[in-house]
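Asks: Line by line, the protein sequences are chains W and H. Read in order, the letters of the first sequence are residues 1 to 200 in the numbering used here. Read in order, the letters of the second sequence are residues 201 to 500 in the numbering used here. Pasting in a structure now, in structure tokens, and then I'll have a few things to ask.
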Amino acid sequence: MTEKSIKKVLQRHRLSGNCHMITFQLEFQILEIQNKKSLSSVITDLNIIMEPTEYSELSEFVSRAEERRDLFMFFRSLRFFVEWCEYRKRTFKHFKEKYPEAVHLAEGAASSCMGVRSASQPGFEVVIVWRIQIDDEGKVLPKLDLLTQVPQRVLELDKNRVIETAPLGFRNLLGVLGIEATLESLIKLLCTEEHARSRH
Amino acid sequence: MELADTLRPDGDPKGGVLAHLERLETRMHRSRKKLEEPQTVQAEESALVTEIQKLRRLRDKLRAEVKRRQAGVKASTANVEPDQTWEITEQEVLERKWENLKAILQAYRFTGLSGKLTSRGVCVCISTAFEGNLLDSYFMDLIVQKPLRIHRHSVPVFIPLEELSAKYLETNIQHFLFTLCEYLNAYSGRKYQADRLQSDFAAFLAGPLQRNSLCNLLSFTYKVEPRGQSFPLCARLLYKDLTRTLPTDVTVTYQGMDALSTSWEEQRASQENLFRTKPLHHVFTSFARKGEMLDMSLVS
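Here it is as structure tokens:
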């Protein structure tokens, strides 16, 4: 049994950078093993520090990436996540500008919730919750949900259970019209046209 | 008497005397001259000495002038030197910036997407990995023109490159590149899993692993214990989503058996679930570990 010559090289790297508003710092190790027939490179350790930490979806994603030592997936998913965040911000901002009285952004355009209330029907509000999730495999998917807030009396009058089925209807509508058109139609439904400021 | 004869031109004897006188005169002149020579030499010498002195003075004057000018130049270069050192520092700064830029470009390789400028555009390199294992890299030569087009690439044919480029290349190139990254990484990951199954867990397979080039359809017959009495199972894994490394559709059946008792059905369903939730080679690793635990329990 002869010991074949195997060359092992351990590289240590530190990367820091940012993707839009998120800054990150990574430290990782790559172990290269060269034996006679092949060269294999394996990431043996990965540590990720990210700011800002208010995106709660990201912290889970980060620990998963560290666990799996999946460096490329981290960057790819981060990129798509940020893209979706920016799109969400733009979309919320657009609707706030178009329907300033009806649309209500509690935490500003960067928030994940958009409230829509009817000026003529106070106490009647729907909240669109738009979360951006990163699944097990690093795939970034938007998840939108509708929450309704209506007075008790309205619920009693709602014989057709419109309010109850609204969230489901919302999700179905998303599949048909897409995000922007669904939100637009929902806002239009709740407030009268005169409140809308026309934008070209 | 005979005096008049001396005045005759052709009279040699008469001419003799005059000639003689002439000769004497010349001789006298010569000797006088000889007497004078040291003096002329001296005079010449002194003249030369004066000349030498004059030249020396001139030389010293010129030397002084040269020295003065040299000093002047040095003074002016002394003023220039700080500028020169400033230029060097600027050069150093540029060099450092260049090195930093090169390092950043190298660092981009670790993001899985990197590129370098070519004469006509950009050569993009997509690196793939699965669970920390660095796998193949693919490249794409983009020509920056209107319209932007792909000149050459090493992307396999079964990756829908044309479809993706038609959709996104012109409008949103970042989205195009990252989506392509997704496809290639997923393909690499699926391929890696299939390769590992074939190489590391051949003992568990009852027949050859059937796979397509895209590695999104796998079919194999396996046993939960490599050398055991357990029944062989047939598994069919379909990865409909080409951006994923886990199958979307899994079918596990006991070979040659249609109707199953509840316990067997439970087992079958749990197997299906395993393949749906864990990477292929990890499933077989867990089989191997279970087998080891079983052996351990037998021994103890």
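Don't be surprised by glycine CBs; every beta carbon is placed ideally from N, CA and C.
Label W:Pro100 either buried or exposed according to how many other C-beta atoms from any shown protein chain fall within 10 Å of its C-beta, with 16 as the threshold for buried.
Replies: Here residue 100 of chain W refers to the residue found at position 100 when the first sequence is read from its first residue. Label assigned to W:Pro100: exposed.
Asks: With 16 other CB atoms within 10 Å as the buried threshold, where does H:Glu472 fall?
Replies: If you number the second sequence from 1, residue 472 of chain H lands on position 272. So H:Glu472 counts as buried.
Asks: Assign H:Lys391 to buried or exposed, taking buried as 16 or more other Cβ atoms, counted over all protein chains shown, within 10 Å of its Cβ.
Replies: Translated into the one-based positions of the second sequence, residue 391 of chain H becomes position 191. Answer is buried; the Cβ neighbour count reaches 16.
Asks: Am I right that H:Leu397 and H:Phe310 are in contact with their C-beta atoms under 8 Å? What's the rounded C-beta distance?
Replies: The residue you call residue 397 of chain H lines up with position 197 of the second sequence. The residue you call residue 310 of chain H lines up with position 110 of the second sequence. Not a contact, Cβ separation roughly 28 Å.
Asks: In the DSSP assignment, the beta strand (DSSP E) including H:His159 goes from what residue to what residue?
Replies: For chain H, the structure presents residues 201 to 500; residue 159 of chain H sits outside this window and is missing.
Asks: On the three-state DSSP scale, how would you describe H:Ala435?
Replies: Residue mapping note: residue 435 of chain H aligns to position 235 of the second sequence, counting from 1. In this structure, H:Ala435 counts as strand in the three-state DSSP scheme.
Asks: Just grab the DSSP bridge partners of W:Asn47 for me.
Replies: The residue labelled residue 47 of chain W in the question sits at position 47 within the first sequence. W:Glu27.
Asks: Strictly under 8 Å for the Cβ-Cβ distance: is W:His20 near chain H by that measure?
Replies: Indexing the first sequence from 1 puts residue 20 of chain W at position 20. Judged by the 8 Å Cβ criterion, W:His20 is not in contact with chain H.
Asks: Run through chain W and tell me which residues come within less than 9 Å of H:Thr445, C-beta to C-beta.
Replies: Here residue 445 of chain H corresponds to residue number 245 of the second sequence, with the count starting at 1. Ordered by position in chain W, the residues that pass the 9 Å Cβ test against H:Thr445 are Glu137.
Asks: Tell me the rounded alpha-carbon separation between H:Glu425 and H:Asn412.
Replies: Here residue 425 of chain H refers to the residue found at position 225 of the second sequence. Here residue 412 of chain H refers to the residue found at position 212 of the second sequence. So the alpha carbons of these two residues sit roughly 26 Å apart.
Asks: Output yes or no for whether 8 Å exceeds the beta carbon distance between W:Glu51 and W:Ser41.
Replies: Counted from its first residue, the first sequence places residue 51 of chain W at position 51. Counted from its first residue, the first sequence places residue 41 of chain W at position 41. Result no, Cβ atoms of W:Glu51 and W:Ser41 do not sit closer than 8 Å.
Asks: Quick one: does W:Ser118 have its CB under 8 Å from some CB of chain H?
Replies: Sequence index remark: in the first sequence, residue 118 of chain W carries index 118 (1-based). Closer than 8 Å: no.
Asks: What is the rounded straight-line gap between the Cα of H:Tyr422 and the Cα of H:Gly428?
Replies: Residue numbering aside, residue 422 of chain H sits at position 222 when the second sequence is read from its first letter. Residue numbering aside, residue 428 of chain H sits at position 228 when the second sequence is read from its first letter. In a straight line, the C-alpha of H:Tyr422 is about 12 Å away from that of H:Gly428.
Asks: On the three-pair Cβ rule with 8 Å, is the region 431-447 of chain H touching the region 372-389 of chain H?
Replies: Yes, since at least three Cβ pairs between the region 431-447 of chain H and the region 372-389 of chain H fall closer than 8 Å, the two stretches touch.
Asks: Exposed or buried, which one is H:Pro347 when buried takes at least 16 other CB atoms within 10 Å?
Replies: Translated into the one-based positions of the second sequence, residue 347 of chain H becomes position 147. Classification for H:Pro347: exposed.
Asks: Reducing DSSP to helix, strand and coil, say where W:Ser56 ends up.
Replies: Reading the first sequence from its first residue, position 56 is the one you call residue 56 of chain W. Reduced to three states, the DSSP call for W:Ser56 is helix.
Asks: Which residues, taken in chain order from the region 379-394 of chain H, show a beta carbon closer than 7 Å to some beta carbon of chain W?
Replies: Cβ contacts with chain W: Cys381, Glu382, Asn385.
Asks: Mapping the DSSP letters down to three states, classify W:Asn35 as helix, strand or coil.
Replies: Locating residue 35 of chain W in the first sequence gives position 35, counting from the first residue. DSSP places W:Asn35 in coil when its eight states are reduced to three.
Asks: If the criterion is Cβ atoms closer than 8 Å, does the pair W:Ala102 and W:Ala119 meet it?
Replies: Here residue 102 of chain W refers to the residue found at position 102 of the first sequence. Here residue 119 of chain W refers to the residue found at position 119 of the first sequence. Against a cut-off of 8 Å, the Cβ pair of W:Ala119 and W:Ala102 comes out as a contact.
Asks: Output needed in chain order: residues of the region 71-97 of chain W with a Cβ under 8 Å from some Cβ in chain H.
Replies: Listed in sequence order: Leu71, Phe72, Met73, Phe75, Arg76, Arg79, Phe80, Glu83.
Asks: According to the neighbour-count rule (16 or more other Cβ atoms, all chains shown, within 10 Å of its Cβ), is H:Glu202 buried or exposed?
Replies: The residue given as residue 202 of chain H occupies position 2 in the second sequence. Bear in mind that the predicted position of H:Glu202 carries a pLDDT of just 42, short of 50, making it unreliable; the figure below should be weighed with that in mind. So H:Glu202 counts as exposed.
Asks: Counting only the same chain and skipping the five closest in sequence on each side, list residues whose C-beta sits under 8 Å from that of W:Glu57.
Replies: As a position in the first sequence, residue 57 of chain W is number 57, starting the count at 1. Around W:Glu57: Phe81, Arg131, Ile132, Gln133, Ile134.
Asks: Mind checking W:Leu190: buried by the 16 CB within 10 Å criterion, or exposed?
Replies: Residue numbering aside, residue 190 of chain W sits at position 190 when the first sequence is read from its first letter. Result: buried.
Asks: Just reading off the alpha helix (DSSP H) that W:His13 is part of, what are its end residues?
Replies: Indexing the first sequence from 1 puts residue 13 of chain W at position 13. From DSSP, W:His13 is part of no alpha helix (DSSP H) but of the beta strand (DSSP E) over 7-19.
Asks: If you measure from the beta carbon of W:Arg69 to each beta carbon in chain H, is any gap under 8 Å?
Replies: Looking up residue 69 of chain W in the first sequence gives position 69. Answer yes: the Cβ-Cβ gap between W:Arg69 and chain H drops below 8 Å somewhere.
Asks: Which value, in whole angstroms, describes the spacing of the CA atoms of H:Arg257 and H:Ile288?
Replies: Here residue 257 of chain H corresponds to residue number 57 of the second sequence, with the count starting at 1. Here residue 288 of chain H corresponds to residue number 88 of the second sequence, with the count starting at 1. Distance between the alpha carbons of H:Arg257 and H:Ile288: 45 Å.
Asks: So which residues of chain W does H:Ser327 contact, with C-beta pairs closer than 8 Å?
Replies: The residue you call residue 327 of chain H lines up with position 127 of the second sequence. Correct list: Phe72.
Asks: Chain H partners of W:Leu15, CB-CB under 7 Å?
Replies: Against the first sequence, residue 15 of chain W aligns to sequence position 15. Those within 7 Å of W:Leu15 in chain H are Ala307, Phe310.
Asks: Below 6 Å CB to CB, which residues in the same chain sit around H:Arg320 once its five sequence neighbours on both sides are set aside?
Replies: By one-based count along the second sequence, residue 320 of chain H stands at place 120. Correct list, in chain order: Ile343.
Asks: Would H:Phe378 and W:Arg76 be called neighbours here (beta carbons separated by less than 8 Å)?
Replies: For the purposes of this step, residue 378 of chain H is identified with residue 178 of the second sequence, where counting begins at 1. For the purposes of this step, residue 76 of chain W is identified with residue 76 of the first sequence, where counting begins at 1. Yes, the Cβ-Cβ distance between H:Phe378 and W:Arg76 is below 8 Å.
Asks: I think W:Asp70 touches W:Gly138, with their Cβ atoms under 8 Å apart; what is that distance to the nearest whole Å?
Replies: Here residue 70 of chain W refers to the residue found at position 70 when the first sequence is read from its first residue. Here residue 138 of chain W refers to the residue found at position 138 when the first sequence is read from its first residue. The Cβ separation is near 7 Å, so the contact holds.
Asks: Mark H:Pro479 as exposed unless 16 or more other C-beta atoms lie within 10 angstroms of its C-beta, in which case mark it buried.
Replies: Taking the first residue of the second sequence as position 1, residue 479 of chain H is located at position 279. So H:Pro479 ends up on the buried side.
Asks: Given that H:Glu331 touches chain W, what residues does it touch there, using C-beta distances under 8 Å?
Replies: In the second sequence, counting from the first residue as 1, residue 331 of chain H sits at position 131. In chain order: Arg68, Arg69, Asp70.
Asks: Kindly list the residues whose CB is nearer than 6 Å to the CB of W:Gln34, restricted to its own chain and excluding five residues on each side of it in sequence; keep chain order.
Replies: Counting from 1 along the first sequence, the entry for residue 34 of chain W is found at position 34. Cβ within range, chain order: Lys7.
Asks: Rounding to the nearest angstrom, what Cα-Cα distance links W:Val176 and H:Met457 in this structure?
Replies: The residue labelled residue 176 of chain W in the question sits at position 176 within the first sequence. The residue labelled residue 457 of chain H in the question sits at position 257 within the second sequence. Those two C-alpha atoms are separated by around 43 Å.
Asks: Which stretch, first to last residue, makes up the alpha helix (DSSP H) that contains W:Cys85?
Replies: Position 85 of the first sequence, counted from the first residue, corresponds to residue 85 of chain W. Note, W:Cys85: alpha helix (DSSP H), 71-98.
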